[in-house]
Structures are given as structure tokens and as C-alpha cells.
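Trainee: Please read through the structure below; I'll follow up with questions.
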RNA sequence: GCUCCCAUCGUCUAGCGGUCCAGGACGCAGCCCUCUCAAGGCUGAGACACGGGUUCGAUUCCCGUUGGGAGCGCCA
């Protein structure tokens, strides 16, 4: 789109950025490219759950994804307030909201209400018992002057006097949606603590910040008529709305941060030995967590335990993907595809799917946003990531990988750089993620383990060392001598030596290579033999062969 | 329970009345290549939820059913 367009992303800082939010941010950003403005606002009106560190984390996540905001909190050269529409934290804008409230109350379009949260809870559960939804009823014995007098001295909320008329929401992706007056009640604008509710904050801020297009998840659709009614009461414009479909788990359930906690709980319950249960008791809040299914552990503790238990946590926050070593441009690409498609063919005549943020910025339109919810398919994401990694140059890969290691695998950085470069070159085309390139379970894991920590795969040993005529063991012993004599222990000469040995014995190359591979790596799978052995170095290879000959009989 | 949204291969999607015995991607299966793996090449299986309309003609439009999802807070 571009000129004249102002979009925004307005997360609440209660944790890391969720992938659904990341996608909304990405779309909003893309829509504003080409002359528009993308701004970032932090909706920290839930004072109990918001935190500054979470806000910072979100800025960091966005920056990592390559989503830069033109206006908003300053972060590493991103953001700022060129038009003076800030501040961008809602809790710093309280006087602005209060002025609007005053106007609304003066016009009797809003009024103070004095029910306590407990009273409302009671009414709500009663309504539920009767099988209906709770709807706030204006007090029957309403006296405006009395209420305003009470307002000055008693705790209260301010509610919006919802006009008794239906509201039609015009949505760019969903069309026109009518909401009857019976489903709209007098919602709260300002909470007891003096902070605006989400509804009030967005409406006021979007107006003051000049937002023209609001993109948000479909779960907000039902809120929109309230916002529209409020805009009318306040004399504001109504922005263009676009409610984008939700991102769901592979099983079709809502992608929720809770799922991580749940995964750990399932592991604990499935553990017959009771050892995991035992472990939980030693953790902060563990006892209560075990007793109460609705409780959640601290995210940090959940990650730690998952690591210990070998539980694979669902990936739902941007940070999860970063930790897993997914490239940011790939995550953006995949996320963009979940709910939007370019509708264009690539050079081979196939539907275009691989693109970068620059392409998205140039081609994104709301018209091509889908309407159905999408399930997150991590296999496809990882396939994209593997491709992207393979397309990186050796140098680019080394840079990305090194940066990843600095953050998530500092021990890898302790190794000599020349060795790391060689290792990176060896594993690159075999990695789905950057993490694979640092994992003992990854394609080069054999080189990360001490010689005596190798575990021999029984099936591989049986097939490649015991069987054959002559048996693999015998060829392995001969290969050992051949390798000892290789002048320069580099891939080419190593392979030449092995090939020569195989030929002289009238055997296929595999008959010698596989026993060597098993001896050097513990299994039947590894990068090409020359590289595999060269990275270990001659001494380690000979040691491993000796150990293998001794142990695998 | 009420309200709203949605519905093409297992998953993400293309398709905006005839171009569709429905195309692509991921995954899956087979073959080729090959010292194993990865990559690559080739091939294959695999979907318009169902029932009514509208129309000369429906995957495409309308209605209903079924299924899925979201919302119903002094959370956002």
C-alpha cells in the first residue's frame, strides 16, 4: 500500500512475542511500507501482568525478525517519535485518557459504576448457572448527580453508555458483520485503578496516533463493535479493520503459551518411575503445581525441566524459534504464508512461496489475506529453514551460526575458530536449524563428543563390522594402517587411501568406508568419509578405531 | 448456553461460473544418483464436508446441516 497508511502493532508486555502476534506485526509492517508509517505501542494497562523486561523482549524479538517500526519506543536505533504522538507506553498516557473520560461523563455518554468485582463475579456465575451469558445492567435507580458525587469519593469504574442500536462492522477480510444491540453492554472504560481498559486505550490512541488501518487477530472481532460505537461517541474516525485468521496448533487447538506447561505436565504424569514428580517437588511452586492442574510454572523453570526431561516443547513464541536456530527471514516467510499468499508463480511456474521481507513489503495486500484459521506445521517451517541454510554462503552461515552460538551455545565458541569453520562447512547442508549445527545429536555430533563417549549403534556394528567376507572388522584393521600412512590428513588424501585399499581388496568402497564410519562416529550415518575423519584428526581417528576393534566383537 | 467467524489433498494453500478427470508447497511412498546421510533428479498416492437450490453449466453464488474455531472480564 504505502502513502497515507498508518498501521500499528500494539502488544501487551506480558511475555515473549507470540508467533500470532509476530505475524500480525509483520502484516502491519508490510502494509505500511512504501511511504506509510508503522508504529509500535505498548499496551501495558494490565499492571499486574505487564513488565518492562517483557516489553524489552518484544522489541528485541521484532528487531530480530527484521520488523522495524517508524515510531515507538526507541531500541537500537529503531523507533522514536517524529510526529510527537507519543509516549508509546499506555501507562504514560493516563492524562490523555482521563480528559476523554471527563468529556464522555460530562456528556453522559459514560458513567461511574460502583459494583465490586466480587459482586460482578457473583452475577456472572449466576448467569452461567442459568445457562446464559452475563450482561451488565445499568442500575435501575440511577441518579446522575448522586452518582457523580459518589464518583469523587468512592472507588469506581467508568462504563460506556452503549447506544441501543446495532453496529455494523466493516472488515476488509471478512466483509460486513452486524452485531445486534442485545449483545453489546455497557463495558468498562476505566478500571478501578484509574487505568483505561484495552477497549478505551486502543480507541483513543489509534485516533491520536493517526492510525488508518488496524490489523489484528480474529479473536478481536467481537470487540470491534464496541470500538466503533466508542469512536462515534468520541467523534473519531473509524479505521479500516482487517481481522486476520488465527494460527492454531497442529492438532487444531489454540496456539497458547500454556501448551508448554501442559507438555511438561504430561511428561510428569506419564513417568511411571515417579522420578520426575520427585524433581518437581524441588522446584519453586512445584508442590502447588502438582496439586492444582490450573497452575503454571515459571516459563524459565518450564524450559529447564523440559531440557532435563528431554521433553520437546511446542514452539509458540518467537524466542522459541530463535533458540531452535530458525533463521529470522525464514520465520517471517513461513508466518507470512500462514494466511496470505502472493498468488504469483515463480520462474518454474510453481506457486511462489519463498520470499523475503522486501518482497512481502512490495506485494502484501489485505485482499489476499485468507479467512480460515491455519494450523502451524513445523515440518514445513523446518524444510524452509533447511533450504535457506543450504543457500547461505559458507561465510554467511558461519556468521549466523556464530551469532547463534554466542547466545545459546557458548561452549561451542570455546573451540578454535579454524576448527569451527571446518565444522560449520561440514554440517551446513545437513542442518535444518542452526541448533542442529551445535547439537551432539546433529549431523556432526560425533565430532563434539570425546573419543570415549561414543556410543556404538548395535545395528550398525552388526551390519558393518561382524558381517561380510572378509568381515568389516578385518577391513577396519587394515584401514587403520592405511590411515596411519596418509601423508596429509585431509579429506582428499584420506578418501584416496581408503579407495585404494578397497580396490586392492576387490571390495566396493562402502565395504571399507562403512566400518570406518562406524568406528569413527558410532553409527552408519555421517558426512562424507574424508570430511568426517579429517575433522576428528588422525590421532582421534586411530584411537576410535582401536577402541572399536577392542569393544565391538 | 448465547453471539460471531470459517470450511479445497494429512498440513499450508492456488482457484474469484465453463480454462479443473482441481495446480503448487511441506510431509509420505517408490525409483535414479551414491561410501552412509543430506542435497539433487524423476515418478506416484492424496482434497472441492454433506444436502438442497440458482444457472445451459457449479470448487466457485444462495440457504440449511455437519464439522472446526473464536468471543461472552475492572485480560489484552
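Numbering (my numbering), first residue to last: 7 to 559. Where a beta carbon is used, it is the ideal one built from N, C-alpha and C, also for glycine. In this text the structure is predicted, and so the values were computed from the model without any measurement.
1) Near residue 529, what residues of its chain come up, given a Cβ to Cβ distance below 6 Å and the 5 sequence neighbours on each side ignored?
2) Does residue 500 come out as helix, strand or coil in the three-state DSSP assignment?
3) Work out the CA separation of residue 354 and residue 364 for me, nearest whole Å.
4) Output the distance between the C-alpha atoms of residue 303 and residue 283, rounded to the nearest integer angstrom.
5) Under three-state DSSP, which class holds residue 91?
6) Looking only at C-alpha atoms, which of 33, 27, 26, 10 sits nearest to residue 362?
7) When you compare the stretch 135 to 150 with the stretch 191 to 198, are there three or more beta-carbon pairs, one atom per stretch, that lie closer than 8 Å?
8) Can you grab the Cα-Cα spacing for the pair residue 55 / residue 534, in whole Å?
9) Based on the DSSP output, what are the partners of residue 566 in its beta bridges?
10) Please report how far the alpha carbon of residue 502 lies from the alpha carbon of residue 453, in whole angstroms.
11) Please state if the CB of residue 542 and the CB of residue 519 are separated by a distance shorter than 9 Å.
12) With 16 other CB atoms within 10 Å as the buried threshold, where does residue 267 fall?
13) Can you tell me where the beta strand (DSSP E) with residue 122 in it begins and where it stops?
14) Under 8 Å: do the stretch 256 to 275 and the stretch 34 to 48 share three or more Cβ pairs, one atom per stretch?
15) Excluding the 5 residues flanking residue 317 on each side, which residues of the same chain have their C-beta closer than 7 Å to its C-beta?
16) Hey, how far is the Cα of residue 277 from the Cα of residue 447?
17) Quick test of the definition: if touching needs 3 or more C-beta pairs under 8 Å, does the stretch 368 to 378 touch the stretch 409 to 416?
18) Determine the contact status of residue 511 and residue 517, defining contact as a CB-CB distance below 9 Å.
19) When the distance is taken between beta carbons, is residue 28 closer than 9 Å to residue 65?
20) Just the C-alpha distance for residue 499 and residue 553, rounded to the nearest angstrom, thanks.
21) For a test of the three-state rule: what should DSSP assign to residue 370, helix, strand or coil?
22) If you follow the alpha helix (DSSP H) that residue 205 is part of, which residue opens it and which one closes it?
23) Tell me the DSSP secondary structure of residue 322 in three-state form.
24) Would residue 559 and residue 436 qualify as a contact pair, given that the criterion is a beta-carbon distance under 9 Å?
25) Going by alpha carbons, who is nearest to residue 227 out of 256, 239, 279, 173?
26) Between the Cα of residue 404 and those of 35, 423, 389, 557, spot the shortest distance and give me the residue it belongs to.
27) Contact defined as beta carbons within less than 8 Å: I believe residue 91 pairs with residue 241. What is the distance between those atoms, to the nearest angstrom?
28) Among 201, 127, 253, 330, which one has its Cα closest to the Cα of residue 411?
29) Measure the beta-carbon distance from residue 63 to residue 24 and round it to whole angstroms, keeping in mind my assumption that it falls under 8 Å.
30) Just list the residues that DSSP pairs residue 166 with in beta bridges.
31) Under a three-way DSSP split, which group does residue 390 fall into?
32) Do residue 74 and residue 118 have their beta-carbon atoms positioned less than 9 Å apart in this structure?
33) Check whether the Cβ atoms of residue 387 and residue 332 sit closer than 9 Å, and answer yes or no.
34) What residue range does the beta strand (DSSP E) around residue 182 cover?
35) On the premise that residue 219 lies in contact with residue 13, defined as a C-beta separation below 8 Å, what is that separation, rounded to the nearest angstrom?
36) Quick check on the DSSP output: the alpha helix (DSSP H) that includes residue 448 runs from which residue to which?
Mentor: The short version:
1) Around residue 529: 463, 466.
2) The three-state reading of DSSP puts residue 500 in helix, counting H, G and I together.
3) If you take the alpha carbons of residue 364 and residue 354, they lie about 21 Å apart.
4) Going from the Cα of residue 303 to the Cα of residue 283 covers about 14 Å.
5) The answer is coil: DSSP assigns residue 91 none of H, G, I, E or B.
6) Considering only alpha carbons, the answer is 33.
7) Contact holds: three or more Cβ-Cβ distances are below 8 Å.
8) Their Cα atoms are separated by approximately 52 Å.
9) In the structure as shown, the chain starts at 7 and stops at 559, and residue 566 therefore has no counterpart that could be examined.
10) Straight across, the Cα-Cα distance linking residue 502 with residue 453 is about 22 Å.
11) In this structure, residue 542 does not lie closer than 9 Å to residue 519 by Cβ.
12) If you draw a 10 Å sphere on the C-beta of residue 267, you find 16 or more other C-beta atoms in it, and that means buried.
13) No beta strand (DSSP E) contains residue 122, which DSSP labels as neither H nor E.
14) Touching, no.
15) Excluding five sequence positions before and after residue 317, the CB atoms of its chain that fall closer than 7 Å to its own CB belong to 269, 270, 273, given in chain order.
16) Whole-angstrom Cα-Cα distance: 23 Å.
17) With a cut-off of 8 Å, the stretch 409 to 416 and the stretch 368 to 378 do not count as touching, because too few Cβ pairs lie within range.
18) Yes, Cβ-Cβ distance for residue 511 and residue 517 is below 9 Å.
19) Going by C-beta atoms, residue 65 is not nearer than 9 Å to residue 28.
20) CA-CA distance, residue 499 to residue 553, rounds to 24 Å.
21) When secondary structure is reduced to three states using DSSP, residue 370 falls in the coil class, being assigned neither helix nor strand.
22) In the DSSP assignment, residue 205 falls within the unbroken alpha helix (DSSP H) covering 204 to 214.
23) Residue state, collapsed to three classes: coil.
24) Against a cut-off of 9 Å, the Cβ pair of residue 436 and residue 559 comes out as no contact.
25) Per the Cα distances, 173.
26) Of the candidates 35, 423, 389, 557, the one whose C-alpha sits nearest the C-alpha of residue 404 is 423.
27) At roughly 18 Å, the Cβ-Cβ gap does not stay under 8 Å, so residue 91 and residue 241 are not in contact.
28) For the residues 201, 127, 253, 330, the minimum Cα distance to residue 411 belongs to 330.
29) Distance from residue 63 to residue 24 at the Cβ level is roughly 12 Å; contact not present, criterion being Cβ atoms closer than 8 Å.
30) DSSP, once it has assigned bridges, lists 116 as partnering residue 166.
31) The answer is helix: DSSP assigns residue 390 an H, G or I state.
32) Taking 9 Å as the Cβ cut-off, residue 118 and residue 74 do not qualify as a contacting pair.
33) Remark: C-beta atoms of residue 387 and residue 332 approach each other more closely than 9 Å.
34) Counting along the chain, the beta strand (DSSP E) containing residue 182 begins and ends at 181 to 185.
35) At roughly 5 Å, the Cβ-Cβ gap stays under 8 Å, so residue 13 and residue 219 are in contact.
36) Careful: residue 448 lies outside any alpha helix (DSSP H) and carries neither H nor E.
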